[in-house]
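Scroll down for the structure; my scribbles are underneath it.
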Amino acid sequence: MTKQKNNWLLDSEVQYKVTPVKGRWEVSLIFINTKDPNQVLIKTIGDYRSERLAEIYGRSMQQTAAKDPRGSQKVDKDA
1 MTKQKNNWLL DSEVQYKVTP VKGRWEVSLI FINTKDPNQV LIKTIGDYRS ERLAEIYGRS
61 MQQTAAKDPR GSQKVDKDA
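FYI, the numbering for the sequence shown is 1 to 79, going by the working numbering.
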């Protein structure tokens, strides 16, 4: 992807998802374009032996990856 196509990632809402995969818990970060919620990027970032560890890591990475660490950057539901 080109730099211009990735500019939306700078202002995206970041969420995380924890799913069970083969006896482990996989953590994915979900980047959602705040102006166009149909534009989504999902990146798998790790897997853990317990759901609790995966949740802790997911929450931490969500705050680190977000432009706005307070979590007030939200998707425009009217877009």
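C-beta: ideal position from N, C-alpha, C; glycine also.
7 Å Cβ shell around residue i - same chain, five flanking residues per side excluded
| i | result |
| --- | --- |
| N33 | W8, S12 and Q39 |
| A65 | V14 and L29 |
| E51 | V18 and W25 |
| E55 | V18 |
| T44 | E26 and S28 |
One or two residues paired with residue i in a DSSP bridge
| i | result |
| --- | --- |
| V24 | The sequence as given places Arg at residue 24; Val does not occur at that position. In the DSSP output, where bridge partners are listed per residue, R24 has V21. |
| I42 | I30 |
| Q15 | I30 |
| D36 | None, per the DSSP bridge assignment. |
| Y48 | W25 |
8 Å contact criterion, which residue i and residue j should meet: CB distance rounded
| i | j | result |
| --- | --- | --- |
| G58 | Y16 | 4 Å |
| Y48 | V21 | About 11 Å; that fails the 8 Å criterion. |
Beta-carbon contacts of residue i that lie in its chain and below 6 Å, excluding the five residues immediately before and after
| i | result |
| --- | --- |
| I42 | S28 and I30 |
| Q62 | V14 and Y16 |
Beta-carbon proximity list for residue i, same chain, < 8 Å, skipping 5 on both sides
| i | result |
| --- | --- |
| L53 | W25 |
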